[in-house]
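Here the structure is laid out as structure tokens; the discussion comes afterwards.
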Amino acid sequence: MPRAGSYTYPYPPSVRAVLAATKQQLIHAKMPIQKNYHTHTWRCKHATQDVSAYCQAAIDAGLTVLGISDHTALPDNRWDHIRMDIEELPEYCAVVDQAITDHPELKILKAAECEYADEYASFFKDTLLGELGFDYLIGAAHFFPHEGEWIGSYGGADSAATLQSYTKYLIESMETGLFAFMAHPDLFGNSYKTWDENTKAASHDIFTAAANLRVPLEINGYGLRKPKIDTPQGKRCMYPWLPFWEMAADYDIEFIVNSDAHHPKDVNANLEEAAAIGKQFGLKMANLGYLEA
Ligand SMILES: [Zn+2]
Ligand SMILES: [Zn+2]
Numbered sequence: 584m585p586r587a588g589s590y591t592y593p594y595p596p597s598v599r600a601v602l603a604a605t606k607q608q609l610i611h612a613k614m615p616i617q618k619n620y621h622t623h624t625w626r627c628k629h630a631t632q633d634v635s636a637y638c639q640a641a642i643d644a645g646l647t648v649l650g651i652s653d654h655t656a657l658p659d660n661r662w663d664h665i666r667m668d669i670e671e672l673p674e675y676c677a678v679v680d681q682a683i684t685d686h687p688e689l690k691i692l693k694a695a696e697c698e699y700a701d702e703y704a705s706f707f708k709d710t711l712l713g714e715l716g717f718d719y720l721i722g723a724a725h726f727f728p729h730e731g732e733w734i735g736s737y738g739g740a741d742s743a744a745t746l747q748s749y750t751k752y753l754i755e756s757m758e759t760g761l762f763a764f765m766a767h768p769d770l771f772g773n774s775y776k777t778w779d780e781n782t783k784a785a786s787h788d789i790f791t792a793a794a795n796l797r798v799p800l801e802i803n804g805y806g807l808r809k810p811k812i813d814t815p816q817g818k819r820c821m822y823p824w825l826p827f828w829e830m831a832a833d834y835d836i837e838f839i840v841n842s843d844a845h846h847p848k849d850v851n852a853n854l855e856e857a858a859a860i861g862k863q864f865g866l867k868m869a870n871l872g873y874l875e876a
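Our numbering puts the first residue of the sequence shown at 584, with every later residue one more than the last.
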């Protein structure tokens, strides 16, 4: 046995893990968030300006990584009121590639925000991630299938049955392994107004899948900028929904924060505020540094 004080006795792995996590949290607490992986352009028809303006805004704001992730084109032009047409995809790729050349001081990533459907699996995997060299895809449930029809998540996840369908769809999207993280998993909070047994069951299923599949979940900054909604419990953000993130602390999940910018001035908006929510509940921030390789 070593004598006390003769040398530093190595901590067991479990204690070392705790110490490392604490140090990491301290680093995050002091450093501004310098990465945003969620950015849109004019092509989606509800954002403004183009890739170069976002890149310049990111440089001015001191960001080191900017992911351009417009709402993906789809081969059949479904839901084309909120996304580029498939014919615009080559030009989208070209402007991102041009920005990468023009701004070597900023790590720019080529990405897309996607709704999963079986018929798009090969397009996402072979065309976007394959042929076109996208760095990553974001999974999102702006729509979800319910009783044989796609319904919109804004207003649509307002009952126990639709919330169940939303949850099932979100989990199936994660299970494909196509997505680097899931955008605003708590989006259902825009239409399901009261935190209850149904939201707890849905959240349990989402967190369990995210933990098992190692898919980070996004605390979305855009939700913090949007107008608050009236609920029986008073005004609150549609998302992020705090009880959701509080509950996340009981699961081995990781979170990511993004501004979800739809205007260049928002390129780094609400990142600290979103990170504070994760920290408040002791959640672990994901490191997506592997996407920059
Ligand atoms: Zn959008
Ligand atoms: Zn988005």
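Idealized CB from N, CA, C, for every residue including glycine.
- Between P847 and Q632, the CB-CB gap stays under 9 Å.
- For the region 780–841, the full-length beta strand (DSSP E) segments reaching 3 residues or more read 800–803, 812–814, 817–819, 837–841 along the chain.
- For L646, there is no enclosing beta strand (DSSP E), as DSSP gives it neither H nor E.
- The region 758–775 makes contact with the region 700–719: 3 or more CB pairs, one atom from each, lie closer than 8 Å.
- In this structure, ligand 2 has no non-hydrogen atom nearer than 8 Å to the beta-carbon of A743.
- According to the DSSP assignment, I721 belongs to no alpha helix (DSSP H) but to the beta strand (DSSP E) extending over 719–722.
- Listed in chain order, the non-local C-beta contacts of H845 below 6 Å within the same chain comprise H623, A630, local neighbours out to five positions each way being set aside.
- Using a Cβ distance threshold of 9 Å, Y749 and A785 count as a contacting pair.
- Any heavy atom of ligand 2 within less than 5 Å of a residue's beta carbon puts that residue on the list, which reads E696, D843.
- Between the alpha carbons of A794 and K867 lies a distance of about 12 Å.
- Taken through DSSP and simplified to helix, strand or coil, M667 comes out as coil.
- Nearest Cα to K776 within the set S742, G713, C676, L712: S742.
- The beta carbon of P687 is closer than 8 Å to none in its chain, skipping five residues each way along the sequence.
- Between A695 and L753, the C-beta gap is not smaller than 9 Å, which leaves the two residues out of contact.
- The continuous alpha helix (DSSP H) containing G739 extends over residues 736–739.
- Contact check for L649 against L715 fails: the beta carbons are separated by 9 Å or more.
- With a cutoff of 8 Å, H845 counts as near ligand 1, since its C-beta is closer than that to a heavy atom of the ligand.
- In the DSSP secondary-structure assignment, H729 is bridged to E732.
- In the structure shown, E702 falls within a helical segment according to DSSP collapsed to helix, strand and coil.
- Counted as a single uninterrupted DSSP element, the alpha helix (DSSP H) harbouring K751 occupies residues 743–758.
- A residue is called buried once 16 or more other Cβ atoms fall within 10 Å of its Cβ, and P768 is buried on that count.
- Within the same chain, Cβ atoms closer than 7 Å to the Cβ of P815 are found at K776, T777, the five residues on either side in sequence being excluded.
- The straight-line gap separating the alpha-carbon atoms of F790 and L770 is approximately 14 Å.
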